[in-house]
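Below is one structure; the comments refer to it alone.
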Amino acid sequence: MKTILLTTVLSLLTILAFGESRTIEVTAKIKNVTVYNSSAEVNYEKEINLPKGKSTIVFSGLTPFIVENTINVSVLNPDVSIVMVTEKINYLKHHKSNGNKISVLNDSIATITEAISLLESLTEAYTVEKGLLFKDESIGGVSDGVLVAEIEKASRFFHQRYTAINIELYRAAKRKKQLNYRLDQFRNQIKQFSKNTSKSGSEISVTVMNNSSEKATFVFRFLTPKAGWAPIYDCKFKGAENPIEFIFRANVFNASGVSWNDVELKLSTASPTTGFDAPTLNGTSSKEEKPKTGNVKFREVQVRNTISEYAINHKYSIPSDAKPYLIDVDAYQMKADYHYLLIPKVDPFGFLMADIPNWNKYDLIPGTTNVYNKGSYMGKTFLNTYTENDTLSLYLGKDKNVIAIKKESNTNKEQQLIGNYYVDKSEINIVVKNNSSETLSIHVLDQIPVFEIGDKTKFNLNGIEQAIYSNKEGSLLWKFSLSANESQIIDYKYDIKIPKNDIGNYKPRRRRFRTISCPSF
Numbered sequence: 208m209k210t211i212l213l214t215t216v217l218s219l220l221t222i223l224a225f226g227e228s229r230t231i232e233v234t235a236k237i238k239n240v241t242v243y244n245s246s247a248e249v250n251y252e253k254e255i256n257l258p259k260g261k262s263t264i265v266f267s268g269l270t271p272f273i274v275e276n277t278i279n280v281s282v283l284n285p286d287v288s289i290v291m292v293t294e295k296i297n298y299l300k301h302h303k304s305n306g307n308k309i310s311v312l313n314d315s316i317a318t319i320t321e322a323i324s325l326l327e328s329l330t331e332a333y334t335v336e337k338g339l340l341f342k343d344e345s346i347g348g349v350s351d352g353v354l355v356a357e358i359e360k361a362s363r364f365f366h367q368r369y370t371a372i373n374i375e376l377y378r379a380a381k382r383k384k385q386l387n388y389r390l391d392q393f394r395n396q397i398k399q400f401s402k403n404t405s406k407s408g409s410e411i412s413v414t415v416m417n418n419s420s421e422k423a424t425f426v427f428r429f430l431t432p433k434a435g436w437a438p439i440y441d442c443k444f445k446g447a448e449n450p451i452e453f454i455f456r457a458n459v460f461n462a463s464g465v466s467w468n469d470v471e472l473k474l475s476t477a478s479p480t481t482g483f484d485a486p487t488l489n490g491t492s493s494k495e496e497k498p499k500t501g502n503v504k505f506r507e508v509q510v511r512n513t514i515s516e517y518a519i520n521h522k523y524s525i526p527s528d529a530k531p532y533l534i535d536v537d538a539y540q541m542k543a544d545y546h547y548l549l550i551p552k553v554d555p556f557g558f559l560m561a562d563i564p565n566w567n568k569y570d571l572i573p574g575t576t577n578v579y580n581k582g583s584y585m586g587k588t589f590l591n592t593y594t595e596n597d598t599l600s601l602y603l604g605k606d607k608n609v610i611a612i613k614k615e616s617n618t619n620k621e622q623q624l625i626g627n628y629y630v631d632k633s634e635i636n637i638v639v640k641n642n643s644s645e646t647l648s649i650h651v652l653d654q655i656p657v658f659e660i661g662d663k664t665k666f667n668l669n670g671i672e673q674a675i676y677s678n679k680e681g682s683l684l685w686k687f688s689l690s691a692n693e694s695q696i697i698d699y700k701y702d703i704k705i706p707k708n709d710i711g712n713y714k715p716r717r718r719r720f721r722t723i724s725c726p727s728f
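One gets my numbering by counting positions in the sequence shown from 1 and adding 207 to each.
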């Protein structure tokens with residue numbers, strides 16, 4: 208009977224011991240962050256001494272902007288079992304350190320305010336005294352004469368006292384200005400502290416069970432929509448004999464409410480799925496939402512279907528202020544073929560173009576690009592990598608040392624009637640000049656009239672043996688090399704024969720050129 212009773216008591220004590228849950232509140236440190244274009248996955252790690260039995264670990268000081276159902280928690284100890292994971296936002300908890308700082312600042316404000324009041328009283332007293340000095344300028348009575356010595360003595364007194372009062376008023380005004388400036392600083396600091404203190408924060412509670420007191424490392428992560436990144440490039444041209452230096456950087460912002468201090472960063476072009484949901488064929492979850500991040504503006508760009516990730520070699524600190532912070536991603540030396548594109552119909556100067564073959568291997572995505580030409584900043588353009596071509600064309604700026612002048616002459620001022628046709632003849636002369644000190648690859652693009660299929664108009668074109676002619680577009684393209692300080696002349700002509708019965712409908716249609724991306728510098 209005693210044995211049975213003892214066994215029952217021990218069993219009850221064991222149940223009670225494991226049934227009680229001890230709460231342990233900790234603050235975990237951010238280990239690394241994977242930043243997506245419009246969100247971020249924040250990873251934490253914390254080693255904790257666990258007591259025997261059931262414990263609830265409360266991780267506090269987390270961002271209040273956690274995407275629902277994206278919390279993932281694990282314990283790097285096989286003897287510890289996770290019973291439950293919950294998340295809540297704590298609206299009542301304040302940062303104690305900020306509260307103490309605010310109290311100290313309020314004491315300083317009270318001291319400064321008292322000092323300003325004393326200065327104002329002193330200023331008022333000096334101002335009244337200054338007014339009394341000259342309220343009655345008479346020295347002696349009206350009928351009594353005044354000695355010269357007395358006048359000189361009174362004059363010295365008024366001068367000395369008047370000067371002393373003005374000096375004291377100046378000092379008081381200067382000191383008051385200094386105190387008011389300091390007062391404004393303290394008040395602004397209180398506003399900042401109050402803003403940070405009033406912020407709510409999330410808490411993740413993890414209930415675990417273990418059979419003995421031991422250490423355990425907790426690893427958890429979640430997704431927040433209050434972060435993102437965008438690429439920015441520096442494209443540097445150093446001469447036709449050199450490759451293009453392409454520097455890849457990223458503007459990363461954090462508006463989560465928790466700063467990332469000295470963390471490992473990884474950038475990704477993936478669209479993270481939201482929570483424990485299978486993605487759809489387009490790579491997103493059915494519950495994924497568009498980013499909503501305060502004053503940070505987003506724009507949609509098209510990228511390739513492949514996902515790119517960029518591991519950052521150095522640790523960075525990104526404050527939670529929604530401002531962009533520039534980080535280095537990578538740098539490339541890109542082999543390129545250079546040429547100057549001249550369109551004399553549009554602009555007399557040459558446009559330096561770079562053709563980069565096999566550009567897909569560089570894992571670039573669309574972004575703003577700063578262009579530098581031999582050390583000179585040319586301006587900004589937008590790198591559009593949404594192309595199926597293996598060669599990427601980049602515009603590197605305008606060069607006024609490369610010129611093409613076009614002259615077009617019509618040999619007959621009025622259309623001549625020859626037989627049953629009116630004849631319109633034109634002669635084109637293009638002079639290309641290379642005023643630079645090196646041999647250049649030149650592309651000259653021009654255009655001639657284009658007629659509809661089935662049109663009875665006759666069109667004769669002569670002198671284009673060296674050109675690439677597109678009958679559909681009406682474009683003529685010459686490619687050649689031009690030595691330093693040399694010129695080349697392009698001459699061609701054409702005549703148009705219009706049936707005399709159709710002269711009233713003569714409207715040659717000139718096709719437009721293809722669209723090229725040339726920024727306005």
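Each residue gets a CB set at the ideal place from its N, CA and C atoms; glycine is no exception. As the structure is a computational prediction, the values presented were derived from the model and not from experiment.
CB contact flag (residue i, residue j, <8 Å)
i    : j    : result
I649 : V639 : yes
N297 : E375 : no
I309 : I397 : yes
V415 : L257 : yes
T594 : P564 : no
N608 : N642 : yes
Y243 : P531 : no
R368 : L340 : yes
K605 : F558 : yes
K707 : N627 : yes
D537 : F455 : yes
T263 : T230 : yes
T330 : A379 : yes
F272 : K384 : no
I572 : T476 : yes
L326 : R382 : yes
Segment limits, beta strand (DSSP E) that includes residue i
i    : result
L472 : 467–475
I649 : 647–654
V287 : Careful: V287 lies outside any beta strand (DSSP E) and carries neither H nor E.
F272 : Note, F272: premise wrong, no beta strand (DSSP E); not H, not E.
P706 : 694–706
L571 : From DSSP, L571 is part of no beta strand (DSSP E); its letter is neither H nor E.
W685 : 682–689
D514 : Just to set this straight, residue 514 is Ile in the shown sequence, not Asp. Neither: I514 is in no beta strand (DSSP E) and is coded neither H nor E.
A674 : 674–677
S583 : 583–590
E254 : 246–257
D740 : Look at the range of the chain in this structure, 208 to 728, and you will see that residue 740 is not part of it.
V242 : 236–243
CB-CB length for residue i against residue j, believed under 8 Å
i    : j    : result
S463 : T431 : 5 Å
E232 : V426 : Contact flag wrong, Cβ pair sits at about 18 Å.
L548 : L647 : Between L647 and L548 the Cβ distance is about 11 Å, and since that is not below 8 Å, they are no contact.
V459 : I534 : 6 Å
N591 : D441 : Not really, about 17 Å apart at Cβ, beyond 8 Å.
S633 : Y701 : 6 Å
T588 : I439 : Not really, about 12 Å apart at Cβ, beyond 8 Å.
Residues of its chain near residue i, where Cβ-Cβ distance is below 6 Å and the 5 sequence neighbours each way are ignored
i    : result
V240 : A247, V249, W467, V470, L472
G268 : T234, G408
K542 : P450
K259 : S419, S420
A447 : Y545
P526 : S466
V349 : Note that V349 has pLDDT 49, beneath the 50 cutoff, so the model's placement of it is unreliable and the number below is only indicative. Within the same chain, V349 has no close Cβ partners at all.
V335 : none
N636 : K614, D698
K704 : Y628, V630, K665
Contacts around residue i, its chain only, beta-carbon distance under 8 Å, and the 5 residues preceding and following it disregarded
i    : result
I319 : L386, R389, L390, F393
S690 : N641, T646
K422 : E254, I255, N256, L257, N284
D570 : S515, Y517
I671 : L683, Y699
Other residues of its chain near residue i: CB distance less than 7 Å, five sequence neighbours each side excluded
i    : result
I187 : Outside the shown range of the chain, which is 208 to 728, sits residue 187, and nothing can be said about it.
K552 : K613, D653, Q654
A322 : L386
Y522 : Here residue 522 is Lys; the residue named in the question, Tyr, does not match the sequence. Counting only Cβ-Cβ distances below 7 Å, and skipping sequence neighbours, we find D469, V470, E471.
F556 : K605, D606, K607, V609, I610
F687 : I649, Q695
Any non-hydrogen atom of the ligand ZN within 7 Å of residue i CB
i    : result
A332 : Among the components modelled here there is no ligand, and therefore nothing to report on the ligand ZN.
Inside the stretch 407–433 only - beta strand (DSSP E) runs reaching at least 3 residues
408–417, 421–431
My parser needs the beta strand (DSSP E) runs of 3 or more residues fully inside the stretch 520–558; what are they?
523–525, 532–541, 544–550
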